[in-house]
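For the sequence shown, UniProt numbering begins at 1 and goes up steadily by one. The C-beta atom is built at its ideal place from N, Cα and C for all residues, glycine as well. Quantities reported herein were computed from a predicted structural model and do not represent experimental measurements. The structure appears right after this line, and notes come after that.
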Amino acid sequence: MHTDQSVAILTVDGVLDTSNSAALGDHILQATLDEPAAVIVNISALKVLAELAWSTFIGAHWQVRDKPNVPIVLVCAHRATREAITRSGVAYFMPVYSTEKAAMKALSQQSRRAVRRADARLPADLTSLRESRRLVREWLTAWSQSTLIPVALVVVNVFVENVLEHTASVPMMRIESHGATATIAVSDSSHAPALRLPSPANGIDVSGLAIVEALSRAWGSTPTSDGKTVWAVIGPENQL
Numbered sequence: 001m002h003t004d005q006s007v008a009i010l011t012v013d014g015v016l017d018t019s020n021s022a023a024l025g026d027h028i029l030q031a032t033l034d035e036p037a038a039v040i041v042n043i044s045a046l047k048v049l050a051e052l053a054w055s056t057f058i059g060a061h062w063q064v065r066d067k068p069n070v071p072i073v074l075v076c077a078h079r080a081t082r083e084a085i086t087r088s089g090v091a092y093f094m095p096v097y098s099t100e101k102a103a104m105k106a107l108s109q110q111s112r113r114a115v116r117r118a119d120a121r122l123p124a125d126l127t128s129l130r131e132s133r134r135l136v137r138e139w140l141t142a143w144s145q146s147t148l149i150p151v152a153l154v155v156v157n158v159f160v161e162n163v164l165e166h167t168a169s170v171p172m173m174r175i176e177s178h179g180a181t182a183t184i185a186v187s188d189s190s191h192a193p194a195l196r197l198p199s200p201a202n203g204i205d206v207s208g209l210a211i212v213e214a215l216s217r218a219w220g221s222t223p224t225s226d227g228k229t230v231w232a233v234i235g236p237e238n239q240l
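Structure below.
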């Protein structure tokens, strides 16, 4: 790691897999602690054998709890890898650039991203369904994003219900607002990923995660150091 114009730059090489993904996430989190203007993670020399490993970077995003306004961006010189990063959903949370110079230029042209964020620890019982919907409505109204409320209520209800039904965890909810979009996320202490079941051979798939997929720009289940976070990004085009 080195610093350039108050920006912390991490250069990463080697092979990323499940044995070292937590360590990489910790390094990214550590780089935010001194509140630099931004953190650039140069992964041009990093080898990722399975695209699922890119979720390491989304996991780091969800675990940055106290420094939401420190932008974290990625740099990768290889076009095919940048495309893989975009497919994985990482680019929704960490923009990816071809060079450090391009990343620095982009960061210099924008003020610190106004990320509005709210967190809540919910009870591990059915009252959390009503409470999560109440909080989503309250937060998005306060952030002048009332048009996103109907879809957001459906998404958070699916995520919280899945935690209650499939784990013994306390649901941890987070809502983030980025301009015209919002991200709904619910974390739990189970390391089993949230998986959408295969669509039935006949009829309509009305499972919870199928509905989330249909209503959002993107969604995913991301491992974290203490479990997983299931998230969905919604925008103005996602309407009921």
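Should residue i be labelled buried (16 or more other beta-carbon atoms within 10 Å of its own) or exposed?
| i | result |
| --- | --- |
| Ala168 | exposed |
| Met1 | exposed |
| Glu138 | exposed |
| Pro36 | buried |
| Asp188 | buried |
| Ala194 | buried |
| His61 | buried |
| Ala8 | buried |
| Pro198 | exposed |
| Ala31 | buried |
| Ala80 | exposed |
| Thr3 | exposed |
| residue 244 | Outside the displayed span of the chain (1 to 240) sits residue 244, for which this structure offers no information. |
| Ala50 | exposed |
Let me check understanding here. Comparing Cα to Cα, which of the options lies closest to residue i?
| i | options | result |
| --- | --- | --- |
| Ser88 | Leu240, Arg116, Arg217 | Arg217 |
| Val233 | Ile184, Pro223, Leu197 | Ile184 |
| Arg130 | Gly14, Gly235, Glu51, Leu153 | Leu153 |
| Pro71 | Asp26, Val96, His78, Pro223 | Val96 |
| Ala45 | Leu74, Asp125, Ala38 | Leu74 |
| Ala214 | Glu237, Leu126, Ala192 | Glu237 |
| Gln63 | Ile43, Ala50, Ala22, Asn42 | Ala22 |
| Ile211 | Gln239, Thr224, Gly227, Lys228 | Gln239 |
| Ala180 | Leu140, Leu197, Pro198 | Leu140 |
| Gly14 | Gly208, Lys228, Arg196, Ile43 | Ile43 |
| Arg117 | Asn20, Leu164, Ala182 | Ala182 |
| Arg196 | Val230, Ser6, Val156, Gln5 | Val230 |
| Gln5 | Leu33, Thr18, Ile40 | Ile40 |
| Ala124 | Gln110, Glu165, Arg134, Thr86 | Glu165 |
| Ala84 | Ser132, Val48, Asp226 | Val48 |
| Thr222 | Glu51, Gly59, Asp34 | Gly59 |
| Gln145 | Val90, Leu29, Gly235 | Gly235 |
If you reduce the DSSP assignment to three classes, tell me which class residue i lands in.
| i | result |
| --- | --- |
| Trp139 | helix |
| Arg217 | coil |
| Ala77 | coil |
| Gly14 | strand |
| Pro150 | helix |
| Asp181 | Note on residue identity: the sequence assigns Thr, not Asp, to residue 181. Correct three-state label for Thr181: strand. |
| Val96 | strand |
| Met1 | coil |
| Thr167 | coil |
In chain order, what residues of the same chain lie with their CB nearer than 7 Å to the CB of residue i, ignoring the 5 residues before and after it?
| i | result |
| --- | --- |
| Leu24 | Val12, Leu16, Thr56 |
| His27 | Leu10 |
| Tyr92 | Ala218, Val233 |
| Asp226 | Ser189 |
| Val163 | Ser169, Pro171, Val186, Asp188 |
Tell me which same chain residues have a C-beta within less than 6 Å of the C-beta of residue i, skipping the five on either side of it?
| i | result |
| --- | --- |
| Ser128 | Leu122, Val160, Pro171 |
| Leu107 | Ala38 |
| Arg174 | Asp119, Ala185 |
| Arg82 | Cys76, Val96 |
| Trp143 | Arg116, Ser177 |
Could you name the residues of the same chain whose beta carbon sits closer than 8 Å to that of residue i, not counting the 5 residues immediately before and after it, in chain order?
| i | result |
| --- | --- |
| Val115 | Pro68, Asn69, Glu176, Ser177, His178 |
*How do the region 94–104 and the region 149–167 stand: do at least 3 beta-carbon pairs fall below 8 Å, yes or no?*
no
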